[in-house]
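Asks: For the sequence shown, counting from 1, position 355 maps to 354 in numbering that gives the first Met the number 0; every step adds exactly one.
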Amino acid sequence: MSKPRPQLVSSTRLKCGVTAEPQYLSGLDIFHAHAGMAIMLCFKQGFDIDHARRALATTLAKYPWMAGRYKTDKQGHVYLDANDAGMDWNLWQHQGPMPYGPQRSVGSDIHKLYKLWLPWRVVNHDQPLFQINVHRYADGGVVVCFLGAHSNMDGSSWWGLAHEWSRACLGQEPKGANANRQLVIDAGQPEPDHQAYDLMVAPPLGQWLWAMVRLGWNAAVGYQSETHIIPAEVMQRWKDQAKAELTSSAGVSAAELVTCYIMKAMSPAMPRGVMRSIGQVLDLRFKRRLRLPRDYFGNALCYAEARYTEQQMAELSVPKLAELCRPPNEQVSTEALQKMLWFTERWRQKKAVWRMIFKPTVETLNAGLIQNNVIPFPIYDIDLGNGGPSWYDVTPMTIRMVMLAHTPQKDGGVVMYVTAKRRELAALRAQLQRDGVSTAS
């Protein structure tokens, strides 16, 4: 017998009652594409859905661009018209209990919790850039699935919006954010130091096509995703071991230890004879000389990478690998970042941002892993009126990546959402079992 399908209770085009000046998308915005980025929060205890919806409308008044539409000017450049056309709010009712949590990650079920849009149907169409699907279950549990155009916001921007929505649900005044995308466009105007490191490249068309074919093939059939939990007591043991082994006063972080543990475990299953790499997300909001405000809303992320030989990955301990898990200074210098912004702005003016690619993305095709660390974001503090979520989940990635978050208990444990090839994930599972680490997948 097939499972009963959820029933759509209501569908609302939620508006905020506020408009704002149009904003051109930056090169970084367009590079991240118009595809939807899905994030899911599970509230086992539920909350007052009508109250949360009213609080969201109040919050959107501080974020009017979230209720806008993408359009093009006469030259074909994309801009965001904050015309209050509205965002989608859908409420669904499920017959069974809310099934998701630490013992059952959402996995591929997440695609059933939102309505996918096609990226090429976003510009110059009445396509909302933000969608929230609220799924109410028979036991009172609620799942909130966010879907936003990635070109409109990065993870930091999403967290800021969710935090302000939480404030509104708790009766506080939401603060809003700085959505002046001209700041990023202007940062890419001055002529850069052309000797600086190239974080982003535009390879010859043939090489670009080959890279896209490989990325597409891996995303379609080559990769799968799993979720594992490193308990707090294991993390503390690893930190104690690292402190005893390393003499450096800088130490290593939980994210560095977990990422290097994953890479060391998967490395034997990766292609032989090529460098191993760990790409790391850089937030330009924290580079003072670029003068982006901390509350900047849009895309302000890029990647740098640490590289290892195959022998280093095999012979060095996890703490030693973690100590080396930092991009070299040439990659994170202000000159390199300004060159990247100049490069993206130059290709934006050509309307050919699609030709660009981050170097670490190419490395993931060989033997690389991108680390996306969201541990600094207090995700489990997002309170929509009845306490924080019991579980957090994301869309499975389409490149080799690990996303790291803290556990719902906020006790020092780490949840890792890993996307890799099947044989690599099998090697990781085997290492976790050998080490006696409890996991949920």
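Backbone N, C-alpha and C fix where the C-beta goes; we use that ideal spot for every residue, glycine too. Because the structure is a prediction, the values reported are computed rather than measured.
In the DSSP assignment, find the unbroken alpha helix (DSSP H) run with residue 225 in it and report its ends.
Replies: Element bounds for residue 225: not the alpha helix (DSSP H) but the beta strand (DSSP E), 222 to 229.
Asks: Classify residue 346 as buried or exposed, calling it buried when 16 or more other Cβ atoms lie within 10 Å of its own Cβ.
Replies: Per the 10 Å Cβ criterion, buried.
Asks: Which residues in the same chain have their Cβ closer than 6 Å to the Cβ of residue 186, if we skip the five residues on either side of it in sequence?
Replies: Result list for residue 186: 289, 340, in chain order.
Asks: Please classify residue 25 as buried or exposed, where buried requires at least 16 other C-beta atoms within 10 Å of its C-beta.
Replies: Residue 25 comes out buried.
Asks: So what does DSSP say about residue 160, is it helix, strand or coil?
Replies: Here residue 160 sits in helix by DSSP.
Asks: Could you spell out the range, first to last residue, of the beta strand (DSSP E) harbouring residue 372?
Replies: Segment 367 to 372, the beta strand (DSSP E) holding residue 372.
Asks: Report the rounded CA-to-CA distance for residue 428 versus residue 260, giving the unit in angstroms.
Replies: Each residue's Cα considered, the two are about 12 Å apart.
Asks: Less than 9 Å between the beta carbons of residue 419 and residue 373, yes or no?
Replies: Contact flag unset, no.
Asks: Going by other Cβ atoms of all chains shown within 10 Å of its Cβ, with 16 needed for buried, is residue 110 buried or exposed?
Replies: Its Cβ having fewer than 16 others within 10 Å, residue 110 is exposed.
Asks: So, for residue 64: in the same chain, excluding its five sequence neighbours on each side, which residues have a beta-carbon less than 6 Å away from its beta-carbon?
Replies: 79, 81, 178, listed in sequence order.
Asks: Return the Cβ separation of residue 131 and residue 88 in integer angstroms, given the expectation that the two are a contact with Cβ distance under 8 Å.
Replies: Between residue 88 and residue 131 the Cβ distance is about 5 Å, and since that is below 8 Å, they are a contact.
Asks: So residue 16 and residue 83 are in contact, right, with Cβ under 8 Å, and what is the actual spacing, rounded?
Replies: That pair is a contact at about 7 Å.
Asks: Measuring CA to CA, which of 291, 272, 303 is closest to residue 281?
Replies: The shortest Cα separation from residue 281 among 291, 272, 303 belongs to 303.
Asks: Terminal residues of the continuous beta strand (DSSP E) containing residue 263?
Replies: That residue, residue 263, is in no beta strand (DSSP E); its alpha helix (DSSP H) goes 253 to 265.
Asks: For residue 147, count the other beta carbons within 10 Å of its own beta carbon; 16 or more makes it buried, fewer makes it exposed. Which is it?
Replies: By the neighbour-count rule (16 or more Cβ atoms within 10 Å), residue 147 is buried.
Asks: Between which two residues does the beta strand (DSSP E) carrying residue 217 extend?
Replies: No beta strand (DSSP E) contains residue 217, which DSSP labels as neither H nor E.
Asks: CB residue 45 to CB residue 140, shorter than 9 Å?
Replies: Yes, they are a contact pair.
Asks: Is the distance from the Cβ of residue 200 to the Cβ of residue 358 below 9 Å?
Replies: Yes, the pair counts as a contact, with Cβ atoms nearer than the cut-off.
Asks: Counting Cβ pairs closer than 8 Å, one from the region 298 to 315 and one from the region 393 to 402, do we hit at least three?
Replies: Segments in contact, no.
Asks: Taking only three categories from DSSP, how would you classify residue 452?
Replies: The shown model of the chain, from 0 to 440, leaves out residue 452, and the question about it has no answer.
Asks: Only counting the same chain, and skipping five residues up and downstream in sequence, which positions put a Cβ closer than 6 Å to that of residue 75?
Replies: Result list for residue 75: 350, in chain order.
Asks: Counting C-beta neighbours from all protein chains within 10 Å, is the total for residue 308 16 or more, i.e. buried, or is it exposed?
Replies: So residue 308 ends up on the exposed side.
Asks: Going straight from the alpha carbon of residue 319 to that of residue 209, what length do you get?
Replies: Straight-line Cα distance between these residues: approximately 35 Å.
Asks: For the alpha helix (DSSP H) containing residue 312, name the first residue and the last one.
Replies: From DSSP, the alpha helix (DSSP H) with residue 312 extends over 309 to 314.
Asks: Quick one: is residue 232 buried, meaning 16 or more other Cβ sit within 10 Å of its Cβ, or exposed?
Replies: Classification of residue 232: exposed, given that the 10 Å Cβ count is below 16.
Asks: Excluding sequence positions up to five away, which residues of its chain have a Cβ less than 6 Å from the Cβ of residue 173?
Replies: So the list reads 58, 61, 163, 166, 167, once near-sequence residues are dropped.
Asks: Since residue 181 is in the alpha helix (DSSP H), which residue starts that stretch and which ends it?
Replies: From DSSP, the alpha helix (DSSP H) with residue 181 extends over 181 to 186.
Asks: Within 10 Å of its beta-carbon, does residue 371 have 16 or more other beta-carbons around it, so buried, or fewer, so exposed?
Replies: Answer is buried; the Cβ neighbour count reaches 16.
Asks: State yes or no: is the beta carbon of residue 432 nearer than 9 Å to at least one beta carbon in chain C?
Replies: The question asks about chain C, but that chain is absent: this structure has only one protein chain.
Asks: Which first and last residues belong to the beta strand (DSSP E) in which residue 13 is found?
Replies: Residue 13 -> beta strand (DSSP E) spans 6 to 13.
Asks: Since residue 367 contacts residue 278 with CB under 8 Å, what's their CB separation in whole angstroms?
Replies: Sure, about 6 Å apart at Cβ, within 8 Å.
Asks: Please report how far the alpha carbon of residue 327 lies from the alpha carbon of residue 251, in whole angstroms.
Replies: Cα-Cα distance, rounded: 16 Å.
Asks: How many angstroms separate the CA atom of residue 120 from the CA atom of residue 343?
Replies: Cα to Cα, residue 120 sits roughly 23 Å from residue 343.
Asks: Measure the C-alpha to C-alpha separation of residue 22 and residue 244 and round it to an integer number of angstroms.
Replies: Cα to Cα, the separation comes out at about 51 Å.
Asks: Smallest Cα separation from residue 408: which of 71, 423, 18, 390?
Replies: That would be 390, whose Cα lies nearest to the Cα of residue 408.
Asks: If you follow the alpha helix (DSSP H) that residue 284 is part of, which residue opens it and which one closes it?
Replies: Premise fails: residue 284 is in no alpha helix (DSSP H) and is neither H nor E.
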